[in-house]
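Residue numbers for the sequence shown, in this note's numbering: 303 to 730. From the three backbone atoms N, C-alpha and C, an ideal C-beta is built for every residue, glycine too. Working notes, beginning with the structure itself.
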Amino acid sequence: MSAKKQNILLLGAGGRECTLAWKLKNSPLCGNLYISPGNAGTSAYGTNLSVAVLDFEGIRKICTDHQIDILLPGPEDPLVAGIYDFIKADPLLQHIIVAGPSKEGAQLEGSKAFSKKFMERHNIPTAAYREFTADNYDQGIEYLKTCPSPIVLKADGLAAGKGVVIAQNTAEALDAFRSMLRDRQFGDAGSKVVIEQFLDGIELSVFVLTDGTGYVILPAAKDYKRIGEGDTGLNTGGMGAISPVPFADEVFMRKVTDRIINPTVNGLKAENITYQGFIFFGLIKVGNEPYVIEYNCRMGDPETEVVMPRLDNDLIDLMLSMHAGTLSQVTVHHSQQAAGAVMLVSGGYPGDYAKGKVITGIENVNGSMVFHAGTTVRGTDTVTSGGRVIAITSYGDDIKQALAASYTNAARIHYEGRYYRTDIGWEF
Ligand code: AMP
Ligand code: GLY
């Protein structure tokens with residue numbers, strides 16, 4: 303690696319960004335690292351700045367003031383809002399490497415209807431679906447009455463992870479449909495609704511970094527979305543994650559590559575959709591066959607907290623290869639070690655929760671990594687500032703051993719209302 307050190311701007315403020323900051327800082331290619339807005343953990347790896355991820359003018363100013371070489375957007379919002387196109391349209395910024403798709407490419411995540419049509423065009427296995435708007439509302443109602451339960455309804459646009467309803471019967475489905483289209487529960491995000499077949503299986507997350515032609519596959523992960531033990535209760539942003547995924551063996555991953563990854567990357571290219579960045583395939587294994595539940599145009603959270611620790615390649619080197627269009631020549635190395643992450647959350651999350659609780663005991667963590675999510679600094683204290691507070695990640699010879707270490711250390715961190723699931727990885 304003879305390339306010059308890269309000044310990097312990482313956008314976001316969660317556990318994913320703290321992990322990415324850790325990973326970037328570990329690279330000999332890392333010049334000045336800025337995280338905006340960052341959290342109490344990211345400042346250990348770089349300089350936090352206070353520009354919001356959708357403040358493009360503010361981002362422009364950071365890029366010029368700090369001679370940024372690489373822009374890595376953590377969350378989807380700036381990508382869906384077109385940060386790539388914004389940077390590339392500016393003569394003073396267009397040399398910057400953006401690790402993320404164009405606004406058009408980000409529609410894979412930004413619009414459920416777009417992604418379903420894309421999969422249909424490229425024969426990518428996914429649940430059968432129909433889409434409805436206010437214009438064919440009555441047809442939607444009639445259609446729902448013919449669907450077997452459970453029925454899946456999705457608001458088309460970004461709805462902070464809350465736009466999906468799995469209705470257990472027709473009455474629930476009709477209610478959800480009315481709320482989205484008539485009562486505008488999700489605002490514009492729900493002005494189009496996708497109704498799809500329920501797939502019964504086990505979910506996993508597969509990530510690639512693509513240069514638009516070639517790609518590398520990152521370690522697969524599984525996240526645990528429900529708040530309660532045994533996968534019960536409300537959906538959250540994610541309560542923990544493991545990698546590798548025991549059932550994602552070579553045979554299964556071959557199917558994923560042939561039926562899903564290749565047609566996706568080739569499809570983007572064939573349609574001239576500019577896409578250099580991460581593709582997150584939210585998959586479900588039904589029987590032995592993979593289906594796409596959703597695409598995301600970024601890394602996952604909390605998956606990143608186990609994927610990046612298991613990626614032995616240099617992430618900056620990968621992003622430079624992405625820019626050079628040489629990813630197909632890169633060999634990716636996944637660690638032999640397993641990783642398990644446990645998310646410490648605020649009491650009450652994913653409903654209402656208090657912020658500003660003083661966090662103690664982080665210095666007692668031994669043998670695990672601490673990735674901050676919803677934390678901030680107040681005076682000399684680190685305090686909670688979000689629902690998901692801290693991810694504890696450990697390595698192990700297997701998932702059980704990794705998680706045992708994470709649990710030992712999770713118990714050493716304290717704040718009022720602290721909660722975490724004690725059964726992450728329970729199936730394995
Ligand atoms: P999405 O935002 O599309 O990822 O959906 C959120 C969650 O809803 C997924 O992680 C799945 O657990 C569930 N889900 C979405 N679509 C389906 C489907 N067609 N069949 C079964 N579960 C689904
Ligand atoms: N863990 C799921 C996501 O990042 O969307």
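Under 8 Å between C-beta atoms of residue i and residue j
i	j	result
S732	I694	This structure cannot settle anything about residue 732, because the visible part of the chain is limited to 303 through 730.
G516	S404	no
R600	F582	yes
H636	L620	no
T534	T321	no
A641	P611	yes
Y431	K447	no
V647	Y721	yes
A522	V547	yes
V667	I701	no
G649	G719	yes
D485	K414	no
Three-state secondary structure (DSSP) of residue i
i	result
V355	coil
M610	helix
K418	helix
K659	coil
L646	strand
I664	helix
G569	helix
N711	helix
A522	coil
M624	helix
M601	coil
T576	coil
N564	helix
K464	coil
Other residues of its chain near residue i: CB distance less than 8 Å, five sequence neighbours each side excluded
i	result
P652	I529, L536, N537, T538, G539 and G689
A461	F488, A491 and G492
D683	V660 and I661
G627	D513, G514, T515 and G516
H368	N309, L311, N334 and Y336
T472	L446, K447, C449, S451 and I453
Presumed contact (8 Å Cβ cut-off) between residue i and residue j, rounded CB distance
i	j	result
K370	I310	Looking at the sequence shown, residue 370 is not Lys but Ile. Their Cβ separation, rounded to whole angstroms, is 7 Å, which keeps I370 and I310 in contact under 8 Å.
I618	C365	That belief does not hold up - the Cβ atoms of I618 and C365 are roughly 17 Å apart, past 8 Å.
K456	V496	4 Å
V632	A543	Rounded, the Cβ-Cβ distance is 24 Å, inconsistent with contact.
I519	V634	6 Å
Chain-order list of residues whose beta-carbon lies under 6 Å from that of residue i (same chain, five-residue window excluded)
i	result
S352	P339
Q308	L331, G333, D371, I372 and I618
I453	A469 and A475
V467	L455 and A478
H625	I399
D387	S404 and K405
I504	K587
S481	Q487
V679	A342
F730	P548 and I701
Residue span of the beta strand (DSSP E) that contains residue i, given as start and end
i	result
G542	G542 to S545
Y336	C332 to P339
S507	I504 to T512
K447	Counting along the chain, K447 falls outside any beta strand (DSSP E), though it belongs to the alpha helix (DSSP H) covering Y439 to T448.
D379	Premise fails: D379 lies in the alpha helix (DSSP H), D379 to V382, not in any beta strand (DSSP E).
T435	Y431 to T435
A693	R690 to G698
Residue interval of the alpha helix (DSSP H) (run including residue i)
i	result
T677	From DSSP, T677 is part of no alpha helix (DSSP H) but of the beta strand (DSSP E) over T677 to R680.
I634	Just to set this straight, residue 634 is Val in the shown sequence, not Ile. Looking at the DSSP string, V634 is not in any alpha helix (DSSP H), and its letter there is neither H nor E.
F388	I385 to K390
Own chain residues within Cβ distance below 7 Å of residue i, not counting five before or after
i	result
A704	A640, A641, G642, S696, Y697 and G698
E531	R723, T724 and D725
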